[in-house]
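S.K.: Chains A and B are the protein sequences, given in the same order.
No gaps in the numbering here: position 30 of the first sequence is 30 in our numbering, and each next residue is one more.
Our numbering runs 1000 ahead of the 1-based position in the second sequence.
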Amino acid sequence: MRGKTTIGTWIGFIMIMLWCLFPVAWILSLSFKSEGETATGSAQFLPKDPTFDNYSAILDNGDFTRALINSFGISLIATVLSVILATLAAYAIARLEFKGKRFVLSLALAIAMFPVVALVGPLFDMWTTFGLFNTWPGLIIPYMSFTLPLAIWTLSAFFREIPWEMEQAAQVDGATTWQAFRKVIVPLAAPGVFTAAILTFFFAWNEFVLAISLTSTTSSRTVPAQMSFFVGPDPFNPPYAQLATASVIVTLPVIVIVLLFQRKIVAGLTSGAVKG
Amino acid sequence: MAAIEMKNIVKQYGDGFPAVNDVSIDVADGEFLILVGPSGCGKSTLLRMIVGLEDITDGDMIIGGKKVNDLAPRDRNLSMVFQNYALYPHLTVYENIAFPLRLAGASDSEVDKKVRDASKTLELDEHLERKPGNLSGGQRQRVAMGRAIVRDAEAFLFDEPLSNLDAKLRGQMRTEIARLQKRLGITTVYVTHDQTEAMTLGDRVAVLKRGVLQQLATPRELYENPANLFVAGFIGSPPMNFLPATVKGNQVELPFGTVTIPDDKAAKAQDKGLLIAGVRPEHFEDASVVDSDKVTEEATFNATVDVVEWLGNEAYAYIPFEAPPEVEKQLQQLERDLDGESLRTQLVVSLDGASRISEGDDAKIWVDARKIHLFDPASGDNLTMDSSKAGIVPGGNAMAKAEEVGEAQDSVQPGSDQATT
């Protein structure tokens, strides 16, 4: 019985891994194929003649590197601001009793559910009027507003898990409310803060609709939008290998970030705080 | 170090729940005061009002001669040990203990000296670099104490600090706390629902019921001169026996027979009709092991023993009896107030270990009639109390007042006396 379960689990596991990772592997292999090889429509999985040409070509491409800088800048700024605001808001929601608390939470959820596409038109008009069109803040502001609700919900759940006594102990020990928050509550909510940060960063990093609609030049266009301009000389024959290379390059930071923060997102950091 | 004066302290929550009612307690400088009572009696709330974590609805809280009602916890300079310790899990033991000093802006060398002192006192030296998550319950408890003693606080406050430890460790830590307090000589207020802790630790003990102070006295005074049925039933283990009684002259009629009590006690209980007699289990004895000159007909009775629990040094014998309905109702109410749930009215008798009484025997039991208390069943007051040796008993009828408050509490929040503190 036990053996069967184990074998079944492994078969399921391998199938899911294949399903998820095969496209990734395909892109990876494509990025090492020469342009000639992809143009002839060769269907073999492994490149016949592996080459780094695509990588050097794409990193020499000024538009792409510029877009990469934009992506990093916009995503990081949006993440930092969003997490700071969400931490403060979530703390208030978790700890304070005030009128309209439920309203704030429902409103946040409603914003998160709003389809992004529906906002493109009005935002485009507003941004052209305010002069925010094709600027970094023009993308940072909508990214923040779309990621804040999720961040607030995640973080307020974390704050609620932290025993009240931690804060009261800090206050008795001589801390002001702000010191108790900064020295005790925030470190304890660190896993939540990192979770919120990662979610926000991914949203901003991968976002396409706003990025393509609210920008017009490489001065603020992010990588997902920039990639749609990789058409090459022949519209019927896009440079697959280069597109795949660009995909690999934009995926790398995501993987690195997940690996870095994975250790931080450990549940049960509060273990040992209270009775055992 | 400072004295703490509580003057007519009242706590009423936003929903109208009266948690603490007109409690006045003076804690002298260096005194060890215990707040004790069953679940939901407002003892923790009172402690939290001293430290400033709960607002005071009415009354004055004076610490070291200064009114602190409106001061934030950090401005009261008190240190507190929480029931669940509330250690900072992201900091090492060293930094946990150092936390109050760092907040006060102490220099590194001063912090180090004081933390090492505290850790030496509490034998935490080898754990200083560990995180609280890797410590045992008793070690965490000591870290929490370390954090409290490391700075020169005006007073220590303990909120049921031992309730999460196992029985053996609890006994050891109890002694440790007593020793520490005597050595540091610092004013201490200690909340517990455990009457053993209350009796062994406290210089004085305040017994609370439903947010009303019942009696404030030394452990010995509480034990020997309880102010009312509630205090009598709460202090002592196994608890005091309550029997229906009628007084005629100096004769007290109990369900098992009649005994003679001293004249001065009898005088206080004349013409009151049906009363409740309170006798502690240890004031009974197997007549055959008592010195023969004490055993007289007036002080003995025969009864059939239902169950005997022999413990070596002593034995508990259980003798069931029938109580008249008017007393039974009062006794059941009392049982509920004390968080108990006994199924029958029975007498618990503590016998000498040498006693040969066994189950089913018709035993001759001697009772020390001088130690019998008589209570008024209606008000619960102890009629035979020696008020010169009973500490402070609040004026008016504290039990009836608690009953009234209890009704008010139930109307806001039914079942509130079952609350876990």
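We put the CB at the ideal spot given by N, CA and C, even for glycine.
This structure is a prediction, so every number in the text was calculated from the model and none was measured.
#1: With H, G and I counted as helix, E and B as strand and the rest as coil, what does DSSP make of residue 166 of chain A?
#2: Assess contact between the region 1099 to 1110 of chain B and the region 1147 to 1158 of chain B, defined as three or more Cβ pairs (one per stretch) separated by less than 8 Å. Is contact present?
#3: Which residues bound the beta strand (DSSP E) around residue 1274 of chain B?
#4: Is the CB of residue 1039 of chain B under 8 Å away from at least one CB in chain A?
#5: Any residues in the region 182 to 201 of chain A with a beta carbon nearer than 7 Å to a beta carbon of chain B? Which ones, in chain order?
#6: Please list, in chain order, all residues of the same chain as residue 257 of chain A whose beta carbon is under 8 Å from its beta carbon, the five residues on each side excluded.
#7: Rounding to the nearest angstrom, what Cα-Cα distance links residue 20 of chain A and residue 1045 of chain B in this structure?
#8: Count the other C-beta atoms from every protein chain shown that fall within 10 angstroms of the C-beta of residue 24 of chain A, then say buried if there are 16 or more, exposed otherwise.
#9: Is any non-hydrogen atom of the ligand SAM found closer than 7 Å to the C-beta of residue 132 of chain A, if you look at the structure I gave you?
#10: Pull up the CB-CB distance for residue 1313 of chain B and residue 1363 of chain B, whole angstroms please, since I reckon it's below 8 Å.
#11: Throw me the rounded Cβ distance for the residue 1323 of chain B and residue 1345 of chain B pair, which I believe falls under 8 Å.
#12: Helix, strand or coil: how does DSSP classify residue 1204 of chain B here?
#13: Could you please give me the residues that DSSP links to residue 1217 of chain B through a beta bridge?
#14: How would you list, in chain order, the residues of chain B whose beta-carbon sits under 7 Å from the beta-carbon of residue 87 of chain A?
#15: Quick one: which chain A residues come within Cβ less than 9 Å of residue 1147 of chain B?
#16: For the alpha helix (DSSP H) containing residue 1423 of chain B, name the first residue and the last one.
#17: From the DSSP output, in three-state form, read off residue 270 of chain A for me.
#18: Using DSSP's beta-bridge definition, name the partner residues of residue 1036 of chain B.
#19: To the nearest whole angstrom, what separates the beta carbons of residue 208 of chain A and residue 225 of chain A, a pair I think is in contact under 8 Å?
#20: For residue 215 of chain A, name the three-state secondary structure that DSSP assigns.
#21: I'd like to check one pair, residue 50 of chain A with residue 37 of chain A: are the Cβ atoms closer than 8 Å?
#22: Please identify, using Cβ separations under 8 Å, the residues of the region 142 to 171 of chain A that lie next to chain B, in order along the chain.
#23: Given a limit of 9 Å on CB to CB distance, which residues of the region 1048 to 1075 of chain B reach chain A?
#24: Taking Cβ to Cβ, would you say residue 1355 of chain B is nearer than 8 Å to residue 1289 of chain B?
#25: Tell me the DSSP secondary structure of residue 1352 of chain B in three-state form.
#26: Leaving out the 5 sequence neighbours to the left and right, which residues in its chain are closer than 6 Å to residue 1238 of chain B when beta-carbon positions are compared?
#27: Looking at chain A, which residues of the region 1074 to 1089 of chain B have a Cβ within less than 7 Å of any of its Cβ atoms?
#28: List the residues that DSSP assigns as beta-bridge partners of residue 1315 of chain B.
#29: If we cut at 8 Å on Cβ distances, does residue 226 of chain A have a partner in chain B?
#30: How would you list, in chain order, the residues of chain B whose beta-carbon sits under 9 Å from the beta-carbon of residue 242 of chain A?
#31: Could you tell me whether the Cβ atoms of residue 1207 of chain B and residue 1279 of chain B are closer together than 8 Å?
#32: Answer with yes or no whether the minimum CB distance from residue 1255 of chain B to chain A is below 8 Å.
#33: List the residues of chain A whose Cβ lies closer than 7 Å to the Cβ of residue 1099 of chain B, in chain order.
#34: Quick check: what's the CA-CA separation for residue 30 of chain A versus residue 231 of chain A?
#35: Pull out every residue of the region 1091 to 1115 of chain B whose Cβ sits closer than 7 Å to any Cβ of chain A, in chain order.
#36: Less than 8 Å separating the beta-carbons of residue 210 of chain A and residue 116 of chain A?
M.R.: The relevant details are as follows:
#1: In the three-state reduction of the DSSP assignment, residue 166 of chain A falls in the helix class.
#2: Between the region 1099 to 1110 of chain B and the region 1147 to 1158 of chain B there are three or more inter-stretch CB-CB distances shorter than 8 Å, so the stretches are counted as touching.
#3: Residue 1274 of chain B -> beta strand (DSSP E) spans 1274 to 1279.
#4: Proximity of residue 1039 of chain B to chain A, defined by a Cβ-Cβ separation below 8 Å, is not satisfied.
#5: So the list reads 184, 187, 188, given in the order they occur along the chain.
#6: The beta carbon of residue 257 of chain A sits closer than 8 Å to the beta carbons of 198, 201 from its chain, once the five residues preceding and following it are set aside; these are given in chain order.
#7: Within the model, the alpha-carbon separation for residue 20 of chain A versus residue 1045 of chain B is close to 56 Å.
#8: Residue 24 of chain A is exposed by the Cβ-count criterion.
#9: This structure lacks the ligand SAM; in fact it carries no ligand of any kind.
#10: Cβ-Cβ separation between residue 1313 of chain B and residue 1363 of chain B: approximately 19 Å, too far for a contact (criterion under 8 Å).
#11: Correct: roughly 5 Å between the Cβ atoms.
#12: In the structure shown, residue 1204 of chain B adopts extended strand secondary structure according to DSSP, grouped into three states.
#13: In the DSSP assignment, the residues bridged to residue 1217 of chain B are B:1205.
#14: Ordered by position in chain B, no residue passes the 7 Å Cβ test against residue 87 of chain A, which lies about 16 Å from the chain.
#15: Those are 169, 173, listed as they occur along chain A.
#16: Outside the modelled stretch of chain B, which goes from 1001 to 1421, sits residue 1423 of chain B, for which no answer is possible.
#17: Residue placement at residue 270 of chain A is poorly supported in this model, since its pLDDT is 44, which falls under 50; the coordinates are not used for a value here.
#18: The partner list for residue 1036 of chain B (beta bridge, DSSP) reads B:1192, B:1207.
#19: Residue 208 of chain A to residue 225 of chain A, Cβ: 6 Å. Contact.
#20: If DSSP states are grouped into helix, strand and coil, residue 215 of chain A belongs with coil.
#21: No; because the gap between Cβ atoms is not below 8 Å, this pair is not in contact.
#22: Only 163, 165, 166, 168, 169, 170, 171 from the region 142 to 171 of chain A bring a Cβ to less than 8 Å from some Cβ of chain B.
#23: Against chain A - using a Cβ distance shorter than 9 Å - the residues of the region 1048 to 1075 of chain B are 1048, 1051, 1052, 1053, 1072, 1073, 1074, 1075.
#24: In contact: residue 1355 of chain B and residue 1289 of chain B (Cβ atoms closer than 8 Å).
#25: Looking at residue 1352 of chain B - three-state DSSP - the assignment turns out to be strand.
#26: Excluding sequence neighbours, residue 1238 of chain B sits near 1281, 1348.
#27: When CB distances to chain A are screened at a threshold of 7 Å, the residues of the region 1074 to 1089 of chain B falling below it are 1074, 1078, 1079, 1080, 1082, 1084, 1085, 1086, 1087, 1088, 1089, in chain order.
#28: Bridge partners of residue 1315 of chain B: B:1310, B:1351.
#29: So no, residue 226 of chain A is outside the interface.
#30: Ordered by position in chain B, no residue passes the 9 Å Cβ test against residue 242 of chain A, which lies about 47 Å from the chain.
#31: Contact flag unset, no.
#32: No Cβ of chain A is located within less than 8 Å of the beta carbon of residue 1255 of chain B.
#33: Residues of chain A passing the Cβ test: 173.
#34: Each residue's CA atom was taken as its position, placing residue 30 of chain A and residue 231 of chain A some 17 Å apart.
#35: Result list: 1099, 1100, 1103, 1104.
#36: It is a contact, given that the beta carbons lie within the stated cut-off.
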